[in-house]
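Please read the structure below before turning to the comments.
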Amino acid sequence: MALSNVLKYHPSIFYPKSRIPPNHVVSFRSLNSAPDSRQTELSLPPNSNSSSLLTLLRNQKDPKSALHIFNTALNEGGLGYSYSVYEEIIKQLRTAGCFDEVNSILQQMHLNRLEVKRCTLLSIIESYIKFSLFDEAVEFVLNLTQQKFGLRPDTVLYNHLLNLLIEVEGNKINLVELVFTEMENRGSEPDVVTFTILIKLFCKNHKTKAALLMLDEMHKRGLTPDDVTFIIIMNAFIKEENLDAAVRIKERMVQEGVKITKKAVNVLVNGFCKEGQVEEALGLIQEELVNGFMPDKFTFTALINGLYQYGYVSQAGEVLEGMIKLDFHPDVVVYNSIINHLCKRNGIEEAMGILQQMVDNGCLPDLISYNTVINALCRVNRVNEAIDLVHGLTRMGLSPNTYTFNSLINGLLKAKDFNHAYQMFKEMKDNGCVPDAVTYNTFISQLCFEGQLEKALKLFKEMDHTGCPKDLLTYNVLINWLCKERRLEDALLLFEQMEINGVSRNLQTYNTVIDGLCRSYQISKAKELMDQMVLNGIKPNKFTYNSILSHYCREGNIIQVGEIVECMTQNGFEPDKFTYEKLIRSLCKAERIEQACEVLRDMHVRGMKPSPKQLSSWWRWWRQGLYLNSCPF
Numbered sequence: 001m002a003l004s005n006v007l008k009y010h011p012s013i014f015y016p017k018s019r020i021p022p023n024h025v026v027s028f029r030s031l032n033s034a035p036d037s038r039q040t041e042l043s044l045p046p047n048s049n050s051s052s053l054l055t056l057l058r059n060q061k062d063p064k065s066a067l068h069i070f071n072t073a074l075n076e077g078g079l080g081y082s083y084s085v086y087e088e089i090i091k092q093l094r095t096a097g098c099f100d101e102v103n104s105i106l107q108q109m110h111l112n113r114l115e116v117k118r119c120t121l122l123s124i125i126e127s128y129i130k131f132s133l134f135d136e137a138v139e140f141v142l143n144l145t146q147q148k149f150g151l152r153p154d155t156v157l158y159n160h161l162l163n164l165l166i167e168v169e170g171n172k173i174n175l176v177e178l179v180f181t182e183m184e185n186r187g188s189e190p191d192v193v194t195f196t197i198l199i200k201l202f203c204k205n206h207k208t209k210a211a212l213l214m215l216d217e218m219h220k221r222g223l224t225p226d227d228v229t230f231i232i233i234m235n236a237f238i239k240e241e242n243l244d245a246a247v248r249i250k251e252r253m254v255q256e257g258v259k260i261t262k263k264a265v266n267v268l269v270n271g272f273c274k275e276g277q278v279e280e281a282l283g284l285i286q287e288e289l290v291n292g293f294m295p296d297k298f299t300f301t302a303l304i305n306g307l308y309q310y311g312y313v314s315q316a317g318e319v320l321e322g323m324i325k326l327d328f329h330p331d332v333v334v335y336n337s338i339i340n341h342l343c344k345r346n347g348i349e350e351a352m353g354i355l356q357q358m359v360d361n362g363c364l365p366d367l368i369s370y371n372t373v374i375n376a377l378c379r380v381n382r383v384n385e386a387i388d389l390v391h392g393l394t395r396m397g398l399s400p401n402t403y404t405f406n407s408l409i410n411g412l413l414k415a416k417d418f419n420h421a422y423q424m425f426k427e428m429k430d431n432g433c434v435p436d437a438v439t440y441n442t443f444i445s446q447l448c449f450e451g452q453l454e455k456a457l458k459l460f461k462e463m464d465h466t467g468c469p470k471d472l473l474t475y476n477v478l479i480n481w482l483c484k485e486r487r488l489e490d491a492l493l494l495f496e497q498m499e500i501n502g503v504s505r506n507l508q509t510y511n512t513v514i515d516g517l518c519r520s521y522q523i524s525k526a527k528e529l530m531d532q533m534v535l536n537g538i539k540p541n542k543f544t545y546n547s548i549l550s551h552y553c554r555e556g557n558i559i560q561v562g563e564i565v566e567c568m569t570q571n572g573f574e575p576d577k578f579t580y581e582k583l584i585r586s587l588c589k590a591e592r593i594e595q596a597c598e599v600l601r602d603m604h605v606r607g608m609k610p611s612p613k614q615l616s617s618w619w620r621w622w623r624q625g626l627y628l629n630s631c632p633f
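For the sequence shown, full-length UniProt numbering begins at 1 and goes up steadily by one.
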């Protein structure tokens with residue numbers, strides 16, 4: 001079965017042929033014809049041999065000089081065909097991306113009947129991939145058979161190339177297919193490793209069905225998948241949250257006589273625990289203990305994380321104690337995960353206990369350990385305790401970072417302790433911690449909420465001076481408050497500035513400005529902006545339509561109101577309470593009381609109750625219009 005047949009289950013993604021980046025590859029074509037003065041001064045020491053030449057090459061700081069020395073030695077016959085010298089110059093050239101020169105040296109080696117080792121070829125392929133020269137890497141391998149190289153790529157070489165291609169971003173599926181096809185055409189038989197690489201490719205692209213087809217193809221060719229092959233598929237199913245399928249893969253391993261390794265058990269245990277199925281994980285461990293499985297650090301870590309994540313704190317503590325008794329000491333990563341789970345579930349006291357336990361067990365907490373607890377304390381207004389913990393981390397030889405200060409500042413602002421928050425901001429800068437967008441956004445949001453818009457704008461300008469990039473939140477907060485303060489022109493300036501600074505607007509940005517324009521009776525601009533929003537791939541929502549609707553309701557333009565409601569429903573948005581109230585008010589103003597009553601009845605059928613204020617307003621319209629008999633209540 002050809003790879004192309006399996007690929008029909010995978011949407012083909014064909015990438016344009018990669019080009020050599022001009023700043024990646026250095027050309028030395030003019031080296032021999034026009035050497036620079038520095039190069040002409042370089043000469044071989046008298047009575048040099050391969051060993052001294054190798055030392056001289058390694059001492060060169062750039063490949064240009066190294067190549068000049070190499071060529072000089074070659075011309076003077078001083079190389080003695082030492083493989084280590086060739087290997088060194090190839091290493092320097094491939095590291096610099098000088099692949100034309102690498103190929104020339106390979107040809108020289110062929111002429112000198114010096115066989116190129118497989119490890120050298122593998123390193124050259126890796127360098128091609130490092131420079132994103134994917135097509136060239138494939139071309140290099142496929143051209144090895146030509147007379148100028150006198151080499152024949154084997155299965156190991158093909159597998160190495162395939163593995164590198166699937167690991168790069170966007171995994172080059174078209175090139176993988178080409179290499180696999182050429183590999184077979186040129187007489188190199190794909191082995192278990194080859195198929196495992198292809199299965200890994202499909203699993204990375206969420207194509208588990210295609211991976212299973214590859215598994216079947218292996219059997220047709222008389223190849224037996226190993227535990228690595230099965231674990232890759234098992235992991236893929238776990239990522240898809242398909243634990244049943246992952247378990248079936250484990251059962252298939254047993255049926256095919258493949259040993260269930262410790263890694264396979266741990267993969268399944270981790271999958272069960274991530275989904276909160278800790279009992280199933282424990283059952284699997286119990287089952288495999290009979291078969292000689294012994295839990296290790298990874299097994300215990302998965303169980304502990306699963307138990308803490310789903311709130312089984314006491315049970316997790318017991319497993320942690322058992323882990324330590326069996327001499328599997330958790331590292332800082334495991335402890336940090338536990339602290340994180342506890343803090344997320346408001347188990348701050350337990351988290352602080354874990355911090356102390358870390359110290360007692362000889363595992364020193366790091367900044368992440370402290371920051372997690374500090375942030376949790378600040379979230380529940382225990383800022384003083386958080387500050388004490390900061391003093392504790394400094395005693396441990398750690399320094400608070402931007403995240404630490406951001407947590408403290410946020411906590412102080414939530415507690416409305418503005419003076420201390422600003423002092424902390426100053427202390428942050430004095431300690432060499434550069435405020436980031438989170439720091440500024442926290443202050444800007446709080447200042448706007450407190451009605452101090454000018455101070456917020458001053459901080460906004462300060463971000464330019466400090467070089468701190470503004471993000472979407474920065475702009476959205478200020479645009480929102482500028483619109484609320486009827487400073488629409490300033491809001492529009494910031495709106496335009498976003499595009500200049502490369503900050504993408506989102507639905508909230510557009511909705512805020514559209515609403516501001518509607519409230520300022522600039523409906524034409526609002527509708528233009530709505531069109532622009534759609535062109536940029538952002539769909540309007542209820543808020544967008546309701547803003548436009550409110551404008552036409554204020555104008556009493558009942559025809560436009562009807563059109564907006566119709567457009568809204570056609571785009572899949574059912575009118576909400578706000579829409580109904582605006583619509584009824586508009587109909588009442590137009591003295592179309594019977595229609596208003598029909599809308600009110602429809603509102604009642606949908607389980608929406610108008611506010612007392614709205615009912616009072618509508619009642620006045622009905623009384624004035626003497627439509628009491630048509631009133632639905």
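By construction, the Cβ of each residue, glycine as well, lies at the ideal position given by its N, Cα and C atoms.
A distance below 6 Å between beta-carbons, with the five flanking residues on each side excluded, links N163 to the following residues of its chain, in chain order: I197. For Y580, the three-state secondary structure derived from DSSP is helix. The continuous alpha helix (DSSP H) containing P63 extends over residues P63 to E76.
In the DSSP assignment, A211 falls within the unbroken alpha helix (DSSP H) covering T208 to K220. Inter-residue distance for E279 and E288 is about 14 Å (C-alpha atoms, whole angstroms). For E126 and N480, the gap between their C-alpha atoms comes out near 51 Å.
A check of alpha carbon separations from P400 across T72, L367 and S337 identifies L367 as the nearest. Burial check for G257: the Cβ neighbour count within 10 Å stays below 16, so the residue is exposed.
Inter-residue distance for M323 and F293 is about 16 Å (C-alpha atoms, whole angstroms). With respect to V383, G411 sits close: the two C-beta atoms are nearer than 8 Å. The C-beta distance from N506 to L472 rounds to 6 Å, short enough to meet the 8 Å contact threshold. If you check the CB distance, I89 and L122 do not come in under 8 Å. According to the DSSP assignment, F140 belongs to the alpha helix (DSSP H) that extends over F134 to L142. For M608, no alpha helix (DSSP H) run applies, since DSSP gives it neither H nor E. T155 is positioned such that its CB atom lies closer than 8 Å to that of D191. As the crow flies, the alpha-carbon of D327 is around 17 Å from that of L364. In this structure, the CA atom of I129 is about 13 Å from the CA atom of A96. Residue environment for S369: buried (at least 16 other C-beta atoms within 10 angstroms of its C-beta). The alpha-carbon of R606 is positioned some 57 Å away from that of D331.
Between the C-alpha atoms of C273 and Y545 there is a straight-line separation of about 45 Å. I584 and E563 have their C-alpha atoms some 15 Å from each other. Rounded to the nearest whole angstrom, the C-alpha separation of Y440 and F460 is 8 Å. Annotation for H329: no alpha helix (DSSP H) segment contains it, and DSSP assigns it neither H nor E. The continuous alpha helix (DSSP H) containing A236 extends over residues D227 to K239. For C363, no alpha helix (DSSP H) segment is defined, and its DSSP state is neither H nor E. If you check the CB distance, A281 and F230 do not come in under 8 Å. 8 Å or more divides the Cβ of L142 from the Cβ of R152. Spanning the alpha carbons of D296 and K262 requires a straight line of approximately 8 Å. Under the DSSP assignment, Q423 falls in the alpha helix (DSSP H) whose first and last residues are F418 to D430.
Going by C-alpha positions, S84 is about 11 Å away from S52. Looking at D436, K239, D490 and A351, the one whose alpha-carbon comes closest to that of C468 is D436.
Taking S82 as reference, the option from K61, A66 and N112 with the minimal CA-CA separation is N112. DSSP places Y310 outside both helix and strand once states are collapsed to three, so it counts as coil. Rounded to the nearest whole angstrom, the CA to CA distance from Y310 to D531 is 46 Å.
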